[in-house]
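Numbering (my numbering), first residue to last: 128 to 523.
The beta-carbon is built from N, C-alpha and C at its ideal position, and this holds for glycine as well.
All of these numbers come straight from a predicted model, not from anything done at the bench.
Contents: one structure, followed by commentary.
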Amino acid sequence: MPTTSAVPTYGSDIYEDDALLEPYEHYRALRELGPAVWLEQHGAFAVARHTEARAVLLDTDTFRSAGGIALNEPANQAILGCTLASDGDLHATLRKVVAHRLTPRALRPMRDLVTERADELVARLVRQGSFDAVSDLARALPLSIVPDFIGWPQEGREHLLEWAGANFDSFGPMNPRAERAMPKCGEMAAYGAEMVRTGNVLPGSLGAGVLEARDRGEISTEQSMMLMLDYLAPSLDTTISAVGSAVWLFGQHPEQWDRVRADPGLIPNAVNEVVRFESPIRAFGRLAEVDTEIGGIAVPAGSRVLVIYAAANRDERVFERPDDFDVTRSNAVQQLGFGVGEHGCAGQGLARMETESLLAALARDVTRFRLGAPERALNNLIRAFGSLPVTVETGS
């Protein structure tokens, strides 16, 4: 631990079950303590305020992703060299292989397919009346889109959600959740390696493009395997989290749903507000490359810095009434839920498209969401529901 007495400290474990279920009092306490707070339980500096969080994410020379994303060394070593855990020229090289497939222009031809599948799914669920907003809605659309987009063969798709969840669990501290996740992460890596070895990917997919780059000598075989896996978990779990949270929030705040129904043009901003209010990704780490400071707090070289997106998105210094859910919020776009800068979520375009399409389809017919008893899915990194029973009402 740094020896300077000027460093505020926080003694609670923000990854214990109760803290994951109810995190916002912890996040508020961290913001109040200072721009950077030493987490005694985790051996890292927490950055919970918006201004400093954004600054850390943008300063990739000082705060490096390689070796710093996770709060435990086995996970950091396992993912070293993937797009999440690389910097500079290597990161640019890897990102270039897939970036052209993830731009708004490149995704535009997919909009009709995503909209069609969202419309069909919502129409069926509305006729049904009652359903689980997680398994029947939030998971169903991305599972019908993402595996084909990435190019995963049909064999093994039944494991994708389990592997994606384990991938994110492994990024936390080495608690029981992370320990249980490690073997599953190994299974996912082995599957990805076999897929690359055999070339068993769908033609025309992102994965096919990755293998073509490998064959041209632009990336190594190991890097091609990592790229195959890089976009799986984020492309699934961020969307699933956002859609589940949206249904829950609109069920709790029917007046906000009325606003969306009255003006569907609010849907993109509503997605930003959902992501701000219930950030799908709690936090990612960085490693301080040199002696530096965050908001006047000394941070020695080699220190781990935990950027807590979910805390920054509730920062009262940036967001007026941050604990109010408001789809008309004028600065909701400032949310950091998808990251920012060089390491901003490359898959956010598809995640936004899927979430917006589902909300648009729901807004046409659903007047109210009557919520049952929700069940949270405990995960070190992802905030999401495991189950959310809902009955929808239609008509005026």
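If we ignore side chains and look at the alpha-carbon of each, how far apart do L270 and L240 end up?
-> 13 Å
Using the C-alpha atoms, what's the distance from Q461 back to V445?
-> 9 Å
How far does the beta strand (DSSP E) with I421 in it extend, from its first residue to its last?
419-421
- If you count every other CB in all the chains shown that lies within 10 Å of the CB of S457, and 16 or more means buried, which is it? exposed
* Asked: Taking just the CA atoms, how far does Y358 sit from D275?
  -> 12 Å
**Exposed unless 16 or more other CB atoms sit within 10 angstroms - verdict on G292** = buried
Is it buried or exposed for S213, if we count other Cβ within 10 angstroms and need 16 for buried? buried
Distance between R388 and D451 (C-alpha atoms, nearest Å)
19 Å
Could you tell me whether the segment 253-272 touches the segment 500-514, using the rule of 3 or more Cβ pairs below 8 Å? yes
Going by beta carbon distance, what residues of the same chain come within less than 7 Å of S372, once the five residues before and after it are set aside?
V401, E405
### Message
Quick check: the segment 460-477 against the segment 319-333, are at least 3 beta-carbon pairs closer than 8 Å?
### Response
no
Q: Using beta-carbon positions only, say whether G412 and L184 come within less than 8 Å of one another.
A: no
Tell me the DSSP secondary structure of W165 in three-state form. strand
Indicate the three-state DSSP secondary structure (helix, strand or coil) for E520 in the structure shown. strand
Note to self: Is the beta carbon of A410 closer than 8 Å to that of V434?
What the structure shows: yes
**OP:** Can you grab the Cα-Cα spacing for the pair T482 / P231, in whole Å?
**Re:** 15 Å
Specify the secondary structure class of A146 as computed by DSSP and reduced to three states.
helix
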